[in-house]
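First comes the structure, then the notes that go with it.
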Amino acid sequence: QVVYEHEGVFIHSSCGKNDDQDSLIAGILRVIEKENEVVVDWRPLDETLDTSNILCAGKDSSSVVEWTQTPKEKCSRGVDRPSSYEAEWDMVSTVSFKKKPHSNGDATTHANRESKWSFLFSLTDLKSIKQNKQGMGWSYLVFCLKDDVKLPALHFHQGDSKPFIKCLEKHITLNESPHDERVLLVKAQKSLSQSFENLFDESSYGLFQKLKKDPCTVTMGKFSRVTNFIVGSLRSNDPSNQRRPPSEMADFLNDAIPGLKINQQEEPGFEVITRIDLGKQPEVSRREPVSAEEWAKNMDSEGRIIDVDYIKRLIFKGGLCHTLRKEAWKFILGYFPWTSTKEERANLQKRKTDEYFRMKLQWKSVSEEQEKRNSRLRDYRSLIEKDVNRTDRTNKFYEGEDNPGLILLHDILMTYCMYDFDLGYVQGMSDLLSPVLYVMENEVDAFWCFVSYMDQMHQNFEEHMQGMKTQLIQLSHLLRLLDSGFCSYLESQDSGYLYFCFRWLLIRFKREFSFQDILRLWEVMWTGLPCQNFHLLLCCAILESEKQQIMDKHYGVNEILKHINELSMKIDVEYILCKAEAISMQMMNCKELPQTVSEILGIENSSVTPDSDTGEDESGAELSCPTSQYQNISTPVVAANGTRDSAQQAAETQSLTPA
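If you read the sequence shown in the UniProt record's numbering, its first letter stands for residue 1, the second for the next number, and so on.
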C-alpha cells in the first residue's frame, strides 16, 4: 500500500554540460507499506531506464532469477566489504524484486527498465536523514543507510519535505543529532514486525521483542555480525551500569521464547549433578573417509546394503569420500530405504520424479492475477527470491549471475512450499538445502533429500519454535552436567540461557564451518550415532574448548557473544567431532547418569539418578525427549583391511535409526 507519494522530487546530478550546471532528474518519491516492512522508493519519471545500473532481482514466467548490478556498486562493495563467509548475508539496501513481462522465450524483450539513479530501501536500513535548515529555496534530504552508504540528495522543488518526514515518523522515531541540528537520527522502531538489521541498536526490551516476533530472522540476520553495540543492550541504562539480576534476564528470555525455562539460580537438585564424577574424557581418533571400494564391498548383487550398522559406524568415524556422497546421502537421509535393491530404488525415483513435477507445476501455473489473491504464496516467493541471492554465493556452484544452481535452489524451495504449505518457507531453510543440492546435482533427488532433512528439522522452523525451546533446555542440562563451574560463570554474566547457541542449533552449524567441513559434519550427524542429539554434544564440545579463554579473560555478556560469533569458519571439524564423541563416551560410561540426561541422549542405564535428584526445573519445564532408541555404543575397531572383531560385531545394537 502506497501511504505517501510526491512528484517533483529531483536529483541534481553533476552530469551537466557545464561544470557549474547540474543535470536535473525529476522523479516520484513513495513510501510503501508492506506486510513486514516499510520501504522508501524513488524513481525517475523517465522510464527509458537501464537495469545494468542497479542491483535487482527479476523473475520471469519461467522462474529464472536474474541478478544485475552496477559496475560502480560491484567495485565499491568489492573493496569495502571483507571477503568473509558472512559477507553474502549482509543486507543489500538497494535490492528490488520486480516481475518481468512474459518474454515467451524471446530474450530480446528483456528491456532495460531501471535508471542508475533509482533506489529503494527498507526503513530498517535507514541510519539518518540530513536536511537543510536554511529557510530559503527548496528543501532537500540526504539518506544515510546503516552500511554508511549515502544516497543522492532529493530536492523537493514542489512543496517541502515536512509531510514526508511526518509520514516516516509514523513508523520510526527520528531525533535531532546533538552534533548537527540538520541531521535526524533513527531510533528504535515502533513496529514489532521491523527488520532485524537494527537489532543491537535498541534496548534489551526491543531486542527480546524482536526475538519474540521472529527469532529465526533475528538470529540469522544479526547474530552473524555482532559488534560492540551489544554493550548495554542487555544491561540497565543507569550510570552505575550494573548487571540485571539473573532472574530478570531469565524472565526476558522467557518472554522472548514462551516456554523456554532455563535455570538461572542455584537449586538443590543441581548440587547432585555437580558431584557426579564423569571421569576423564577418553582419547578418540578418527579414520579415513569411507571409500567407494568399502561401500561396494558392503552391497550384495542386487544392490542391498549388507550390514547397515557397520556402514553407519564407518561413516560416523570418518565420513564419506566425496564421490560417494551423491549415493550414500540418499540412504542416511532416509530417501532410499537401507534394505532396498537397485531396481526398487530406480522405481522409487521414477515415482518421486513424477510427484515432484506435479507439485512444481502447481506453483508455476499460478497466474499473476491468482497470485495477487494469495498473499502467503507471494510472501513465500518474495522471501525465497531474497534468500537465494545471498546463499553461499562465494561457492562456485552458486556464484555469478544467471547461475543454474540459483535457479534450482529457488525452484526446489518454491516446490517445498507446495509440499508443506503450512510451514512454507522460513529464513534459514536455504542454508539447509544448499549443501544437499551441491552434492546431488539433481533437482529431484535434492528435493526429496531436503524433505527428509526437513522432517528432522521441522520443529526448528515452526511458529512456536518448540524444537528450539527443547534443544536449548536440553543443552543447558548437558552443559551443567559436563561443567557446572562454567555454567555458573555464564549465568553470572547474563549468558546462562545460551542464546548465543541459537544459530548453531537452528541450522545445524551451517555458518560456523566451511562448506566442505559442513558436508563432513552433517553426514556424521545423520548416522544417528553414537547417541540421540549428538549435535548438542557438539555444542558442548565447542563451548568447552572456548571455556578457558572466556573465563580467564573475564568476558561479559557482550564479549561472550562477540567471541562465539567470531569462531565462525575457525573451528576444526575433526577436533570437535573427536571431542564430542569423547564426551558421549564419558557420559555413557557414567554409572550415575541423571535420568534427564539419559533421556536426552537416549541412553538406557539402569543406574540413572532419578529426576528428583537431577536438578529438574522447579517450574516443571518438560523436556520433549523421545523414548530411548539406543544402547551404550562403543566405537568399533576397524582394522586396516576394513574388518571387525566378530565378537564385537555380534554385540552391536541392531536398532539404529538416524536422529
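Glycine included, every Cβ here is placed at the ideal spot set by N, Cα and C.
Nothing here was measured: the structure is a model prediction, and the numbers come from that model.
Query	Result
Which runs of the alpha helix (DSSP H) fall wholly inside the stretch 538–597 and span at least 4 residues, in chain order?	557–565 and 573–588
Would you say the stretch 377–387 touches the stretch 424–438, given that touching needs at least three Cβ pairs under 8 Å?	yes
Taking the straight line between their C-alpha atoms, what separation do you get for Trp117 and Glu7?	16 Å
Relative to the C-alpha of Ala328, which candidate in Asp125, Glu523, Val40 and Asn132 has its C-alpha closest?	Glu523
How about Leu498 and Ser484: are their beta carbons less than 8 Å apart?	no
Taking only the alpha-carbon atoms, compute the straight-line gap between Asn374 and Gly467 and give it to the nearest angstrom.	29 Å
Can you give me the start and stop residues for the beta strand (DSSP E) that Ser128 sits inside?	Leu126 to Gln131
Output needed for Glu5: all residues of its chain with C-beta closer than 6 Å, excluding positions within five of it in sequence on either side, in chain order.	Arg30
Measure how close the beta-carbons of Leu561 and Phe500 come, nearest whole angstrom, since I'm counting them as under 8 Å.	5 Å
Given 8 Å as the limit, is there contact between the stretch 440–450 and the stretch 523–538, that is, 3 or more CB pairs closer than that?	no
Once the 5 residues before and after Leu490 are set aside, which same chain residues still bring their CB inside 7 Å of it?	Gly496
Between the stretch 171–188 and the stretch 148–157, are three or more C-beta pairs nearer than 8 Å?	no
For Ser139, count the other beta carbons within 10 Å of its own beta carbon; 16 or more makes it buried, fewer makes it exposed. Which is it?	buried
Starting from Leu519 and walking both ways along the beta strand (DSSP E), at which residues does that stretch end?	That residue, Leu519, is in no beta strand (DSSP E); its alpha helix (DSSP H) goes Phe515 to Trp526.
Where does Phe316 fall in DSSP's three states?	helix
Could you work out which residue in Leu519, Arg480, Val290 and Val186 is closest to Tyr310 when comparing CA atoms only?	Val290
For the 8 Å Cβ check, are there 3 or more pairs between the stretch 511–518 and the stretch 580–589?	no
So which of Asp125, Asn403 and Arg511 has the shortest CA-CA distance to Met429?	Arg511
I need the straight-line Cα distance from Asp41 to Val186, nearest angstrom please.	18 Å
Can you tell me whether Trp295 is helix, strand or coil according to DSSP?	helix
Leaving aside the five residues before and after Cys540 along the sequence, list all residues of the same chain whose C-beta is less than 8 Å from its C-beta, in chain order.	Leu475, Leu478, Leu479, Leu482, Ala580 and Ile583
Short of 7 Å in beta carbon distance, which residues of its chain neighbour Met440, apart from the five on each side in sequence? Order them along the chain.	Lys326, Ala446 and Cys449
Taking only three categories from DSSP, how would you classify Trp42?	strand
For Cys487, name the three-state secondary structure that DSSP assigns.	helix
Output needed for Arg287: all residues of its chain with C-beta closer than 8 Å, excluding positions within five of it in sequence on either side, in chain order.	Leu314, Lys317, Gly318 and Val638
Rounded to whole angstroms, what is the Cα-Cα separation between Asp307 and Asn36?	51 Å
Taking the C-alpha atoms as reference points, what is the distance between Lys166 and Ser122?	17 Å
From which residue to which residue does the alpha helix (DSSP H) around Arg480 run?	Gln466 to Leu482
By Cβ distance below 6 Å, which residues in the same chain neighbour Trp295 in space, the five residues on each side in sequence not counted?	Leu324
Between Lys547 and Phe486, how many whole angstroms is the CB-CB distance? I'm expecting something under 8 Å.	5 Å
Sorted by chain position, which residues of the same chain lie with C-beta nearer than 7 Å to Ile576's C-beta, five sequence neighbours on each side aside?	Leu538, Ala541 and Ile542
Contact between the stretch 346–364 and the stretch 401–421 is defined here as three or more beta-carbon pairs at a separation below 8 Å; is this criterion met?	yes
Evaluate the contact criterion for the stretch 337–344 versus the stretch 296–306: three or more CB pairs, one atom per stretch, below 8 Å.	yes
Report the three-state DSSP secondary structure of Tyr497 (helix, strand or coil).	coil
Give the straight-line distance between the Cα atoms of Ser568 and Glu401, rounded to the nearest whole angstrom.	27 Å
From this set, Lys553, Glu443 and Leu120, which residue's C-alpha is nearest Val149's C-alpha?	Leu120
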